[in-house]
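Student: In the working numbering, the protein residues as written are 685 to 919. We treat Cβ as the ideally placed atom computed from N, Cα and C, and that holds for glycine. In this text, all values refer to a predicted model and were calculated from it rather than measured experimentally.
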């Protein structure tokens, strides 16, 4: 059996000598390998035959030609799909098997399955970001409300404290009077309208004034409070 001749023209069948773009592109690749001298060693009118002749000198150059072919196919793919970009991803065998199973389940290729997974993941991430942003704005608004409530409560607290001080200023004389007239604590002092309390206070004030009139007490300033109406006039 005869051995197939090397190189076979099928190895360079992807090269179109009449392509005004591919021809110079492949020529640049070959010139990079030969330093530009290939135009003197190989047929200038047919780049396909030039590559075939160069390949025939060393079978190891086949890997180089195959690399050119792959690069040209990628170039063509990018030209046909300007919005697409090829990405090479290395996956573990188990993940690759899972991807193949998933793609088969969805009725699409692995590339389409990967694209769908990415699109779904991006959509989910955008949804999470939108929800996070909305929640953040909600919490910020709540913080503003709480800060405003804190200001209002502080103002109200200050008003209560001021009112308490005014009340203490008003009740302090009454407290001193209750200590004077009711040392035994018979009255709780919640209401000065209690008739018995008013009667007790009036009697105490009258007794104090009588003692003053008799000279048994030094004469202090005369009491003119709310219980002094029944007291005798000064003599």
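I need the DSSP call for residue 774, collapsed to helix, strand or coil.
Tutor: Of the three classes helix, strand and coil, the one that applies to residue 774 here is coil, per DSSP.
Student: Could you tell me whether the region 764–784 touches the region 702–720, where touching means 3 or more Cβ pairs closer than 8 Å?
Tutor: Verdict: no, contact absent.
Student: Between the C-alpha atoms of residue 746 and residue 794, what's the straight-line distance to the nearest angstrom?
Tutor: The alpha-carbon atoms of residue 746 and residue 794 are separated by roughly 29 Å.
Student: Between the beta-carbon of residue 691 and the beta-carbon of residue 739, is there less than 9 Å?
Tutor: Cβ atoms of residue 691 and residue 739: closer than 9 Å.
Student: What are the boundary residues of the alpha helix (DSSP H) that residue 708 is part of?
Tutor: Segment 706–718, the alpha helix (DSSP H) holding residue 708.
Student: Can the beta-carbon of residue 710 be found less than 9 Å from the beta-carbon of residue 731?
Tutor: Yes, Cβ-Cβ distance for residue 710 and residue 731 is below 9 Å.
Student: If you draw a straight line from the C-alpha of residue 838 to the C-alpha of residue 830, how long is it?
Tutor: Rounded to the nearest angstrom, the two C-alpha atoms are 12 Å apart.
Student: Taking residue 731 as part of the alpha helix (DSSP H), name the residues at either end of that continuous run.
Tutor: Taken as a continuous stretch (DSSP letters only), the alpha helix (DSSP H) holding residue 731 covers 731–741.
Student: Skipping 5 residues on each side, what residues in its chain have a beta carbon closer than 6 Å to that of residue 698?
Tutor: Only 753 meet the Cβ criterion.
Student: Taking just the CA atoms, how far does residue 815 sit from residue 799?
Tutor: Approximately 24 Å, taken between the alpha carbons.
Student: Output yes or no for whether 9 Å exceeds the beta carbon distance between residue 786 and residue 801.
Tutor: Yes.
Student: Tell me whether residue 735 is buried or exposed, calling it buried when 16 or more other Cβ atoms sit within 10 Å of its Cβ.
Tutor: Residue 735 is buried by the Cβ-count criterion.
Student: Secondary structure at residue 756, three-state DSSP: helix, strand or coil?
Tutor: Here residue 756 sits in helix by DSSP.
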